[in-house]
Structure formats: C-alpha cells, structure tokens
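Here's the structure, in structure tokens; my notes come after.
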Amino acid sequence: MVITVLLVAVCGGLGSISRFLVDGLVQSRRLGEFPLGTLVVNLTGSFLLGLLAGLHAPAHTMLILGTATVGSYTTFSTWMLETHRPAEDGEHGLARQNFAISLAAGLAAVALGRLIGGWL
Amino acid sequence: MRQAGIKLTTYFSERDRSGEGFLADALFDVYEHHKMHTSVLLRGVEGFGQHHHLQTDRLLTLSENLPAVSIAVDTRERVEGALPDILEVASHGLISLERAELLTGEDMSESALPDDPGRAIKLTVYGGRSVRAAGQPGYIAAVDLLRRSGAAGASVLLAVDGTLHGERRRARFMARNANVPLMLLTMGDARTLGPALPGVAELLDDAVATIERIQICKSDGQTLSEPHAIEEKDPSGLPVMQKLMVHAEEQAKVDGHPLYRELAVRLKEAGAAGATVLRGIRGFYAGHEPFADRLLELQRNVPVHVIVVDTPGNVQRWWPIVDRATRDAGLVTSELVPASHAFSSEQRVQLKLAATPTAPDADA
Chain A
1 MVITVLLVAV CGGLGSISRF LVDGLVQSRR LGEFPLGTLV VNLTGSFLLG
51 LLAGLHAPAH TMLILGTATV GSYTTFSTWM LETHRPAEDG EHGLARQNFA
101 ISLAAGLAAV ALGRLIGGWL
Chain B
1001 MRQAGIKLTT YFSERDRSGE GFLADALFDV YEHHKMHTSV LLRGVEGFGQ
1051 HHHLQTDRLL TLSENLPAVS IAVDTRERVE GALPDILEVA SHGLISLERA
1101 ELLTGEDMSE SALPDDPGRA IKLTVYGGRS VRAAGQPGYI AAVDLLRRSG
1151 AAGASVLLAV DGTLHGERRR ARFMARNANV PLMLLTMGDA RTLGPALPGV
1201 AELLDDAVAT IERIQICKSD GQTLSEPHAI EEKDPSGLPV MQKLMVHAEE
1251 QAKVDGHPLY RELAVRLKEA GAAGATVLRG IRGFYAGHEP FADRLLELQR
1301 NVPVHVIVVD TPGNVQRWWP IVDRATRDAG LVTSELVPAS HAFSSEQRVQ
1351 LKLAATPTAP DADA
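For the record, the sequence lines run as chains A and B.
Everything in the first sequence is counted per this note's numbering, starting at 1 for the first residue and increasing by one.
Everything in the second sequence is counted per this note's numbering, starting at 1001 for the first residue and increasing by one.
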C-alpha cells in the first residue's frame, strides 16, 4: 500500500510536469486566441488513456499509468476555466468552439486509442 | 495641503523577484519604511514587456506571471529620498516619474483645481473603501457624481497593497479589506471636476488626490486631438517619454474581439516595448451609463485600461494601431513622462525630471 501511494505520487508528479512542459511549449509558440496548449494536453492524454484501456492493462498498471500519470497530465478544470473566460468577455463563438472541439476530438482520441490498443 | 509632488510608477511582473522575496513586497516595504504618503499596488490582467511573452488571464498557462503596476505619490523631496532604496530593490520592468499636484484634507475643495478652466486634467483620488452611501460602497456614488457633473470619464481600481498617509494597508486573502486603498481616476477639466471634488473626497475615507495635466485624444470613436508630437529630449538633453492610456469597457469589441486584447496583440506584433492592461470595478466615459459587473451575469463589463509608455517617436508609430482599436469605443488620453528607466537596458539609471511644456509652474 505504501509503495502504491508513493508510485501514485511520483507518477502523478511526472504527469503534471509533462503537462506544464507540453502546455508551455505549445502556448509559447503562438499568440492566437484559442487555448491550444490545453487542447493538445487533453487530446494526447485521452489517446493514451484509450490506448491503456484497449490494451486491457492490468489493474495495477492502470492505476499507476492511467489514474496517476494520465490523470494528472490532463486537465478538466483548465478546459472549463478557459471556456468560461472568453464567455465573460462576450466571445461566445470562441467559448463554444473550445467546448465543442475539445469534447468531440477528445472522444475521438479515446476511441482511436482503444482501437489501436485492441490491435496490439 | 496643496503642494507640488511626484508620482513614481513601476511596471513589472507579479513574479519578479528581489533578493529573497517578491519585488512587489520589497517595493511596498520600502514605501512603508519611507512613510510614502500614498501608494497602491495594482494587479494587471494582460500585458507584455521587453523580454516577456504576452501574458493574459484568459489562459491558465499564460496567467502565471501577470503584469503589476505600483504607484507611489508624495512630495518631490520624499520621493527623491526614497529613490535610492527603490532602485536597490527594483531591477525589472520600467520605472517612471511624473509631476503631480498633491491635495490632502481641507484642500480638496472646488477651488483646488488649476485656474485654467478649459485645460484637460486627470484627477486621481486615493482612499479607503469603508465609506458607504445609500447602502452601497462610496465609490459607486462617487462615479455617479462625476458622471452627473460631466467628467469625460472615470474608473475605480482596487489595490492589493499600499500606503495611505504613510501607513501600510495591505490586502489579505479572504478578508474584507475595507482599509486597503482604491484608486479613482477621472478625466475632464476644472469646470467639470472642480464642483465634484469635495463630494468625491467625502465618499472615500482618508482621501488624497493628485492632479496631472493630460491631453484627451479620443472619446467614443471621435478624435478630439491627435497626441501631440513631442521632442524626444528637453532643452537640456534629458529624454522625455509619452504615455497613452485607453479606457474602455470590457465588452467593447474590435472585429469581434475584446478591444483591450486586440490592442495588446497588435502592439506586441508591431514591436512595442510593452503594454499593461488593468481592470477596474466600475467606470464610465462619454456620458454612457456606468459599467460594472452585475450579479449572476456571465458577461463581465468592468472598465479596462490599456497603458503604453514609449518614446514620443514610437507613440506616433503606435497611434494608428490605437486609433483603429478605438474607432467605436473608448477614451484615449496622452501624458508626458519626464523621467523613466527600463531595467532591461544596460545604461546607467538616470532619473532626472526633464522639463515639460505642461509642467505645473511650481517645479518647472
């Protein structure tokens, strides 16, 4: 149990460091309106979690890689915050786009991950 | 007392450090130590500087190091006395000195404003937030009063740290913070602002006011006068800078995007050295209904201010960008900045006030 909690802590830490780096890298390259950094993180994370599910990973692997690593890599709260802020500024088009694209592409990424995981 | 004073402004980033701690804390420790009469720390919502990406509170990743602005006002002697300590802790961003007349206590009367009744001025009133009028915070009545008296515009900004009458007043997380200063700035002329001044002063506790000369360039899409082309140096060779400020409501749009955002992005693309966006809590301009947030409403409509400080030559270059962004909305003002220093440059810190044609006679 202690080992598991330590592994969750370490892998969760690695997941959030990866998000910090990937999101920062994407955002530093552009000046656009769309929160692309968060989208990239959430889509790659969704694909990875789909892949793990498709591979029928053992429960312990799923806990460490899925819940801890991918779970702390992706971010639901940032997606919500970055949808709410443009809506506050009256940019409803941008808010709707961010909501719809993340949702649709996220589901597609999970499905693709599961499909590929099933083949492997 | 009414006296010639200096307004010292620093533009930096929230996470800039000074020694062991944050620059913002170090600066206000200096202001407290020197009993700086009035000072406020304002948190920006968007902006960029010479070595910064465009930071914005619209994206979580880009809101980790938002701009901050500190303003300190006192007599020339006291500001100059504190300056060595300020320069000791400040090593980031931009620092500027501007001339301002300082009004306290009994002097906040109608006759305190300059004799030249038609000349555009900016009146800034600093004070605590605890006064209430008709069951509402005093600043709401103050903004309404200024609107009724015909001011060109006004806005209220909340500080998170500061001093009033030399006493430190710092905001704490999850507290009422009624003592922490707010800043009410209003633009107009002595005819419109003078009669409102005593009433406004009563609506903020321990109020202190400053008067600065400005030029009102645009209001509500109408050009009143393009920013004056100024000499880059005064007769003795000291550099002069120019400050443009755009005051608009958060919902003001250009090509479907928020005006403040569009302006910051375009200025950054054009190569401006920096821009800072501040957000207030209540304001108006050009006689419009005051704008502020309403309960349970998704869209915010608080005042936003975009501030650009640059050389007079560059201000002329950025003017078409500002002009375009404010084609339908906003109040645009221009001011002279007689002394400034950008810390990213290698040159020696030189903060001597240049002579400016609009300087008050007292210290010209």
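Backbone N, C-alpha and C define an ideal beta-carbon position, used for all residues, glycine too.
Other residues of its chain near B:G1199: CB distance less than 6 Å, five sequence neighbours each side excluded: L1145
Proximity test, Cβ basis, 9 Å: B:E1250 and chain A: yes
Segment limits, alpha helix (DSSP H) that includes A:G113: 92-119
Neighbourhood of A:I3 by C-beta distance below 7 Å, restricted to the same chain and skipping five residues each side: none
Neighbour list for A:T78 in chain B, Cβ cutoff strictly below 7 Å: L1060
For A:W119 and A:L55, the rounded distance between their alpha carbons: 8 Å
Close beta carbons around B:G1153, own chain, < 6 Å, minus the five adjacent residues each side: M1187, H1247, Y1285, L1331
CB-CB length for B:L1279 against B:V1302, believed under 8 Å: Just to set this straight, residue 1279 of chain B is Arg in the shown sequence, not Leu. Indeed they touch by this definition, with Cβ atoms about 6 Å apart.
Closer than 8 Å at the beta carbon, the chain B residues around A:A111: Per Cβ cutoff of 8 Å: no residues; A:A111 is ~27 Å from chain B at best.
Interface partners of B:H1092 on chain A, CB under 9 Å: Neighbours of B:H1092 on chain A: none; closest Cβ ~19 Å, over 9 Å.
Span separating the alpha-carbon of A:G51 from that of A:A109: Note that residue 51 of chain A is Leu in the sequence shown, not Gly. In a straight line, the C-alpha of A:L51 is about 9 Å away from that of A:A109.
Beta-ladder partner(s) of B:I1095, from DSSP: B:T1010, B:H1341
Positions along the region 1248-1273 of chain B whose CB lies within less than 8 Å of some CB in chain A: E1250, Q1251, K1253, G1256, H1257, P1258, R1261, V1265, K1268, E1269
First through last residue of the alpha helix (DSSP H) which encompasses A:F47: 36-54
Interface flag, A:Q27 vs chain B, CB-CB below 9 Å: yes
Nearest-angstrom Cα separation, counted from A:A105 out to B:A1026: 47 Å
First and last residue of the uninterrupted beta strand (DSSP E) at B:V1160: That residue, B:V1160, is in no beta strand (DSSP E); it is neither H nor E in DSSP.
Selection from B:G1287, B:T1356, B:E1064 that minimises the alpha carbon distance to B:E1212: B:T1356
Partner residues on chain A for B:R1300, Cβ-Cβ distance less than 8 Å: E88, D89
Test item: CB-CB of B:L1263 and B:V1322 under 9 Å: yes
Pairwise C-alpha distance: A:R19 and A:T74: 7 Å
Stretch-stretch touch, CB-based, cutoff 8 Å, three pairs: the region 1173-1188 of chain B with the region 1220-1227 of chain B: no
B:K1352, DSSP secondary structure in three states: coil
Short CB-CB distance (under 9 Å) between A:S102 and chain B: no
C-alpha distance - B:L1102 paired with B:K1035, whole-angstrom precision: 16 Å
DSSP-derived helix/strand/coil call for B:I1230: coil
Cβ pair count under 8 Å reaching 3, the region 1310-1329 of chain B against the region 1265-1283 of chain B: yes
Straight-line gap, B:E1077 to B:Q1299 (C-alpha atoms, nearest Å): 46 Å
Test: A:L43 CB closer than 9 Å to a CB of chain B: no
Start and end residues, beta strand (DSSP E) containing B:P1067: 1067-1075
Under 9 Å between C-beta atoms of B:V1156 and B:A1178: no
Within chain B, partners of A:L125 - CB distance below 8 Å: Given a span of 1 to 120 for chain A in the structure shown, any question on residue 125 of chain A remains unanswerable.
Which of helix, strand or coil DSSP assigns to B:D1189: strand
Cβ-Cβ distance between A:G113 and A:F47 below 9 Å: yes
Rounded Cβ spacing between A:L49 and A:G66 (contact assumed at less than 8 Å): 6 Å
Three-state secondary structure assigned by DSSP to B:A1359: Residue placement at B:A1359 is flagged as unreliable, the pLDDT there being 46, under the threshold of 50; the coordinate-derived value follows with that caveat. In the structure shown, B:A1359 sits in coil (DSSP, three-state: anything other than H, G, I, E or B).
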